[in-house]
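S.K.: Protein chains in written order, with my numbering: chain A, 307 to 586; chain B, 307 to 586; chain C, 307 to 586; chain D, 307 to 586.
Note that the Cβ used here is the ideal one computed from N, Cα and C, for glycine as well.
Quick one: the structure is below, and I'll ask about it shortly.
There are 4 protein chains.
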Amino acid sequence: MTRHFRVLIDCKDEKGLVYKISKAFCDFGLNVEKNREYVDAQNGKFFMRSEVSGQFDPIALEAELKVVLPEKARIRLVEPRPKKVVLMATKESHCLGDILIRHEAGELEAQIVGVISNYETLRSLVEKFDIPYVCVSHEGLQRAEHEEKILEEIGKFGEIDYIVLAKYMRILTPEFVAHFDERIINIHHSFLPAFIGANPYKQAYDRGVKIIGATAHFVNNNLDEGPIIAQDVIPVTHAMDWQAMQSAGRDVEKIVLAKALKLALEDKIFVYANKTVIFD
Amino acid sequence: MTRHFRVLIDCKDEKGLVYKISKAFCDFGLNVEKNREYVDAQNGKFFMRSEVSGQFDPIALEAELKVVLPEKARIRLVEPRPKKVVLMATKESHCLGDILIRHEAGELEAQIVGVISNYETLRSLVEKFDIPYVCVSHEGLQRAEHEEKILEEIGKFGEIDYIVLAKYMRILTPEFVAHFDERIINIHHSFLPAFIGANPYKQAYDRGVKIIGATAHFVNNNLDEGPIIAQDVIPVTHAMDWQAMQSAGRDVEKIVLAKALKLALEDKIFVYANKTVIFD
Amino acid sequence: MTRHFRVLIDCKDEKGLVYKISKAFCDFGLNVEKNREYVDAQNGKFFMRSEVSGQFDPIALEAELKVVLPEKARIRLVEPRPKKVVLMATKESHCLGDILIRHEAGELEAQIVGVISNYETLRSLVEKFDIPYVCVSHEGLQRAEHEEKILEEIGKFGEIDYIVLAKYMRILTPEFVAHFDERIINIHHSFLPAFIGANPYKQAYDRGVKIIGATAHFVNNNLDEGPIIAQDVIPVTHAMDWQAMQSAGRDVEKIVLAKALKLALEDKIFVYANKTVIFD
Amino acid sequence: MTRHFRVLIDCKDEKGLVYKISKAFCDFGLNVEKNREYVDAQNGKFFMRSEVSGQFDPIALEAELKVVLPEKARIRLVEPRPKKVVLMATKESHCLGDILIRHEAGELEAQIVGVISNYETLRSLVEKFDIPYVCVSHEGLQRAEHEEKILEEIGKFGEIDYIVLAKYMRILTPEFVAHFDERIINIHHSFLPAFIGANPYKQAYDRGVKIIGATAHFVNNNLDEGPIIAQDVIPVTHAMDWQAMQSAGRDVEKIVLAKALKLALEDKIFVYANKTVIFD
Numbered sequence: 307m308t309r310h311f312r313v314l315i316d317c318k319d320e321k322g323l324v325y326k327i328s329k330a331f332c333d334f335g336l337n338v339e340k341n342r343e344y345v346d347a348q349n350g351k352f353f354m355r356s357e358v359s360g361q362f363d364p365i366a367l368e369a370e371l372k373v374v375l376p377e378k379a380r381i382r383l384v385e386p387r388p389k390k391v392v393l394m395a396t397k398e399s400h401c402l403g404d405i406l407i408r409h410e411a412g413e414l415e416a417q418i419v420g421v422i423s424n425y426e427t428l429r430s431l432v433e434k435f436d437i438p439y440v441c442v443s444h445e446g447l448q449r450a451e452h453e454e455k456i457l458e459e460i461g462k463f464g465e466i467d468y469i470v471l472a473k474y475m476r477i478l479t480p481e482f483v484a485h486f487d488e489r490i491i492n493i494h495h496s497f498l499p500a501f502i503g504a505n506p507y508k509q510a511y512d513r514g515v516k517i518i519g520a521t522a523h524f525v526n527n528n529l530d531e532g533p534i535i536a537q538d539v540i541p542v543t544h545a546m547d548w549q550a551m552q553s554a555g556r557d558v559e560k561i562v563l564a565k566a567l568k569l570a571l572e573d574k575i576f577v578y579a580n581k582t583v584i585f586d
Numbered sequence: 307m308t309r310h311f312r313v314l315i316d317c318k319d320e321k322g323l324v325y326k327i328s329k330a331f332c333d334f335g336l337n338v339e340k341n342r343e344y345v346d347a348q349n350g351k352f353f354m355r356s357e358v359s360g361q362f363d364p365i366a367l368e369a370e371l372k373v374v375l376p377e378k379a380r381i382r383l384v385e386p387r388p389k390k391v392v393l394m395a396t397k398e399s400h401c402l403g404d405i406l407i408r409h410e411a412g413e414l415e416a417q418i419v420g421v422i423s424n425y426e427t428l429r430s431l432v433e434k435f436d437i438p439y440v441c442v443s444h445e446g447l448q449r450a451e452h453e454e455k456i457l458e459e460i461g462k463f464g465e466i467d468y469i470v471l472a473k474y475m476r477i478l479t480p481e482f483v484a485h486f487d488e489r490i491i492n493i494h495h496s497f498l499p500a501f502i503g504a505n506p507y508k509q510a511y512d513r514g515v516k517i518i519g520a521t522a523h524f525v526n527n528n529l530d531e532g533p534i535i536a537q538d539v540i541p542v543t544h545a546m547d548w549q550a551m552q553s554a555g556r557d558v559e560k561i562v563l564a565k566a567l568k569l570a571l572e573d574k575i576f577v578y579a580n581k582t583v584i585f586d
Numbered sequence: 307m308t309r310h311f312r313v314l315i316d317c318k319d320e321k322g323l324v325y326k327i328s329k330a331f332c333d334f335g336l337n338v339e340k341n342r343e344y345v346d347a348q349n350g351k352f353f354m355r356s357e358v359s360g361q362f363d364p365i366a367l368e369a370e371l372k373v374v375l376p377e378k379a380r381i382r383l384v385e386p387r388p389k390k391v392v393l394m395a396t397k398e399s400h401c402l403g404d405i406l407i408r409h410e411a412g413e414l415e416a417q418i419v420g421v422i423s424n425y426e427t428l429r430s431l432v433e434k435f436d437i438p439y440v441c442v443s444h445e446g447l448q449r450a451e452h453e454e455k456i457l458e459e460i461g462k463f464g465e466i467d468y469i470v471l472a473k474y475m476r477i478l479t480p481e482f483v484a485h486f487d488e489r490i491i492n493i494h495h496s497f498l499p500a501f502i503g504a505n506p507y508k509q510a511y512d513r514g515v516k517i518i519g520a521t522a523h524f525v526n527n528n529l530d531e532g533p534i535i536a537q538d539v540i541p542v543t544h545a546m547d548w549q550a551m552q553s554a555g556r557d558v559e560k561i562v563l564a565k566a567l568k569l570a571l572e573d574k575i576f577v578y579a580n581k582t583v584i585f586d
Numbered sequence: 307m308t309r310h311f312r313v314l315i316d317c318k319d320e321k322g323l324v325y326k327i328s329k330a331f332c333d334f335g336l337n338v339e340k341n342r343e344y345v346d347a348q349n350g351k352f353f354m355r356s357e358v359s360g361q362f363d364p365i366a367l368e369a370e371l372k373v374v375l376p377e378k379a380r381i382r383l384v385e386p387r388p389k390k391v392v393l394m395a396t397k398e399s400h401c402l403g404d405i406l407i408r409h410e411a412g413e414l415e416a417q418i419v420g421v422i423s424n425y426e427t428l429r430s431l432v433e434k435f436d437i438p439y440v441c442v443s444h445e446g447l448q449r450a451e452h453e454e455k456i457l458e459e460i461g462k463f464g465e466i467d468y469i470v471l472a473k474y475m476r477i478l479t480p481e482f483v484a485h486f487d488e489r490i491i492n493i494h495h496s497f498l499p500a501f502i503g504a505n506p507y508k509q510a511y512d513r514g515v516k517i518i519g520a521t522a523h524f525v526n527n528n529l530d531e532g533p534i535i536a537q538d539v540i541p542v543t544h545a546m547d548w549q550a551m552q553s554a555g556r557d558v559e560k561i562v563l564a565k566a567l568k569l570a571l572e573d574k575i576f577v578y579a580n581k582t583v584i585f586d
């Protein structure tokens, strides 16, 4: 039986890595369909992503790669399959709705197992798509209590791959984030690092910028400072107040978030030094 | 004799302004070739730029407008003519060279009266175009002394309209800037307000952004915080180190600076609340 | 009672039009909230769009404008209200779904009265949103018969304002189009006029372009040759086959179509000489 | 002595190519600084570009690669050096001037050996940069005679690498082009394949497009139909007549042409099936 795998390797750089890896692929009789590599010469780091297929034992290949690659090399063999994704949102529907439509159309290599929100607002939209909607209100709860409840609800979905914050408007604590290292994707409604924090459109309007943007990034301990996955921008003019900018910005937000999500689902992102290497 | 004027008006907003202004134009028998207006409803401000032509007395028109417009209205009648521009630069040639080529081609409504630099590096380039090059070295001088010398050199060019900082890499003091209110245009090599200050490309690289940009703005007392005139961006990837970003960024810098300069030369910019209204 | 109107005027250009119109607005005691005008000097045409409010009789205003404007001036006073829209689609869901989500979120000044398709494919998606779905199969029908059936179904929705072809993949005859002059909006999946006709992504791939795009336009008698409302593009590379281009192009298609639809719903488009004047 | 080479390989695709090539690099003790490959699966074609360095005999490496690669593999070992370039222009200076400024700044891996024009217009600009300017007027000459004269002048510059048509406004015959296969780079002032032929800005204006562009391509026998290297676009509005579009388009033209030229100078382009594979 022919199997398809994505082979993801990152390790310290040294001479002959491509040779050693491609030799292993050869020895296992693999077809290499795609190959991307990147050397960060300054920091002596090597990254490679290959799409391979063949009749082979992935465990044996992984073992072989471990033998030929430098110590501490990170080697991942990933078989393409719909990844399990939980969406989180608050009240705005544009990012959430966009992902639901893409999911429905089979555009995403994902199974959306549920949506968690701190409001009831989006229930009717989500349930149209027969996706479980869980409202975990934060009213009257300490932040820690609220997050514990959310964790509990996420737990009910079983082992999940990614959490997508599709305009979830509450800050997550480092404790929460620690459960999902490099697995929470957020959309921030500005061209980071400009306009960190609350109401970036208002900030952009006040500063009088001529371009606004959106940034999809992994969430880490520091608000809006995680590794950036994708960004895009649109022009604005003096004639737009901040509400008009917000309205125009929605399209960028949803496109950028969907782009980042796809990259994650297709295993095209390496995270390194709070930055991303993207093999798109 | 038919005369062409740009009429620039900004004042507090009230009912019937367009009517009053267009009536004045009518009464003076003017042809209105272009008309742009903008009302900032939130702040109750009115802006209008008209291109008019006719056989008329501009002083009488200005007087008439003063009568019909609200108190403290700012009214400017500008006859199109090459504006006098001084360029300032340090060592990099891409922005400077681009302006010189455009000037040579007659693309700019400007007369470049001279270039001032704190190095000799660009003399040979500038003198190819028969434009005076003045080197005012900052070596061994206090900042105030240095700026005084520059002011002296600028003074020799007579009354000037604009100073363009075409990659002039020294900070100007508020005292210097005060001489040229809303008349100094700078190009900052980042998408402001991201990456204020030194080496924005290094900052952008370290942050791992996926887009870089450039910002042309008027210079005020606070470094990189003046009213933004124009911005543009280009995509970058993980595979670019900061030198590669810098190199790619040069094209955006020169295009954005030229765009801002043209807007200024054609009297298409209103400055207001540290922002710009652009009638392009 | 204060009423809000959009006043749309196009007529041959002559001196003093803005004066005459703004005088009428003044005489009727109107507040002018927004004003945009454009003169096509080459062809002697004048266009103006104003947003006005006040306690006034719109019929009297229209009569007054008729008196002061040149003969054959086209004057429209439009009161903002949700316009009635029929969507047509075939099998692809990205444009249709995007409009449905926007509609659901209240982002569009529209009431979507129904969706007509020549297949059953999209029924389940549309009915999630409680919008009538009518399948009019073309199987076994002459083109004229098929269109007659569609016309009949559209007729059941009452008087409609716009038809949006959200990836409706059949060509409409001039006879059909004639029923809805300047009221059918189509999305073409290329940067027109490049790649007119079938499978533009395949054409783009074969030609080896480095950018692909999408075009929203009014439909007239000639396929893909109607007045263009909006266009946008994205970069592509040699590494993308035409299916990858098609997939990447979907995002541009839906954004461009939504943009055009909004312009139409907000009465911001003038059609003239097979082109559009857009006051966005 | 350490030598740097770019290794360019294209051949029919088969299993193990990367392995064989990287093994050869390994056996020769090479450092692989950069590696890009692309497989056109549909057509069974393999492309690879590597930047390697080491103390080695390039002739021996080439021989070894010939042994391990499929028959008819095209193997090029290119040592980075300033390539010899002839510019051709007519009357417009923006593209020409831009290249001259970049050349002067050391931004291009090129030696510009001369400029050939059919007019005297640009002589003064070119000679500022101490570059030979040859005017070969077409007045009173048959096309064949004119081109023969140009060929003769080019011949005087010795062996050249590229001809750049920096707004050379005459059509070149297949006979002329045949002398410089894949070595003539042209800038066309439209987003090809839209608006082939004369005055594309006028065509774009007449069609009412909302975006215009520029295309840099290799010249082959058919006007504007050669392999596309780079394209870019800018938005336009109804308010721009074709002269305004032309003026705005100049910036895109010069940036796109410079981008294509750099790709060529850095050996980053493969031509194949009238398309380009770009390893940027």
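Please confirm if D:Cys332 has its CB atom under 8 Å from at least one CB of chain A.
M.R.: yes
S.K.: Give the secondary structure of C:Val324 by DSSP, where H, G and I count as helix, E and B as strand, and everything else as coil.
M.R.: Note: C:Val324 maps to helix in three-state DSSP.
S.K.: When the Cα of D:Val515 is compared with those of D:Leu529, D:Ile540, D:His494, which residue comes out closest?
M.R.: Among D:Leu529, D:Ile540, D:His494, the Cα nearest to that of D:Val515 is on D:Ile540.
S.K.: So what's C:Tyr578 in DSSP terms, helix, strand or just coil?
M.R.: strand
S.K.: Measure the C-alpha to C-alpha separation of C:Thr396 and C:Gly503 and round it to an integer number of angstroms.
M.R.: 16 Å
S.K.: Out of C:Cys332, C:Ser328, C:Glu339, C:Asp316, which one is the CA nearest neighbour of C:Val345?
M.R.: C:Asp316
S.K.: Between A:Tyr468, A:Val525, A:Pro506, which lies nearest to A:Asp547 when the distance is taken from Cα to Cα?
M.R.: A:Pro506
S.K.: Which partner residues does D:Pro541 have in the DSSP bridge list?
M.R.: Under DSSP, D:Pro541 takes part in a beta bridge, and its partners are D:Ile517.
S.K.: Would you please verify whether the beta carbon of A:Lys581 is less than 8 Å from any beta carbon of chain B?
M.R.: Answer yes: the Cβ-Cβ gap between A:Lys581 and chain B drops below 8 Å somewhere.
S.K.: Does the CB of D:Gly322 have a neighbour CB from chain A at under 8 Å?
M.R.: Look at D:Gly322: its C-beta is under 8 Å from a C-beta on chain A.
S.K.: For B:Ser553, report the span of its beta strand (DSSP E) as first-last.
M.R.: Here B:Ser553 belongs to no beta strand (DSSP E); instead the alpha helix (DSSP H) covers 548–571.
S.K.: How is A:Leu529 classed by DSSP in three states: helix, strand or coil?
M.R.: coil
S.K.: Just to confirm the assignment: which complete alpha helix (DSSP H) runs, minimum length 4, are found wholly within the region 341–396 of chain A?
M.R.: 364–374
S.K.: What residue range does the beta strand (DSSP E) around D:His310 cover?
M.R.: 309–318
S.K.: If we cut at 8 Å on Cβ distances, does C:Phe497 have a partner in chain A?
M.R.: Closer than 8 Å: no.
S.K.: Check the Cβ of D:Gly403 against every Cβ in chain B and list those closer than 9 Å, keeping chain order.
M.R.: Gly403, Asp404, Leu406, Ile407, Arg408, Glu410, Ala411
S.K.: By how many angstroms is the C-alpha of D:His444 removed from the C-alpha of D:Ala450?
M.R.: 10 Å
S.K.: Any C-beta of chain A sitting closer than 8 Å to the C-beta of B:Ala395?
M.R.: no
S.K.: Under the assumption that B:His400 contacts B:Lys560 (Cβ atoms under 8 Å), give the Cβ distance between them as a whole number of angstroms.
M.R.: At roughly 5 Å, the Cβ-Cβ gap stays under 8 Å, so B:His400 and B:Lys560 are in contact.
S.K.: Which complete beta strand (DSSP E) runs does the region 417–482 of chain B hold, if anything under 3 residues is left out?
M.R.: 439–441, 468–471
S.K.: Cα-Cα, which of B:His523, B:Lys326, B:Pro376 is closest to B:Lys318?
M.R.: B:Pro376
S.K.: I'd like to know whether the C-beta of D:Lys574 is nearer than 8 Å to at least one C-beta of chain A.
M.R.: no
S.K.: Would D:Ile490 be called buried (16 or more neighbouring beta carbons within 10 Å of its own) or exposed?
M.R.: By the neighbour-count rule (16 or more Cβ atoms within 10 Å), D:Ile490 is buried.
S.K.: Quick one: which chain A residues come within Cβ less than 7 Å of B:Gln348?
M.R.: Asp547, listed in chain order.
S.K.: Rounded to the nearest angstrom, what separates B:Glu357 and B:Val583 at their Cα positions?
M.R.: C-alpha separation (whole angstroms): 17 Å.
S.K.: For chain B, find out if any of its Cβ atoms is closer than 8 Å to the Cβ of A:Lys516; answer yes or no.
M.R.: Residue contact check for A:Lys516 against chain B: a CB pair falls below 8 Å.
S.K.: How many Å lie between B:Val483 and B:Glu458 at the Cα?
M.R.: 14 Å
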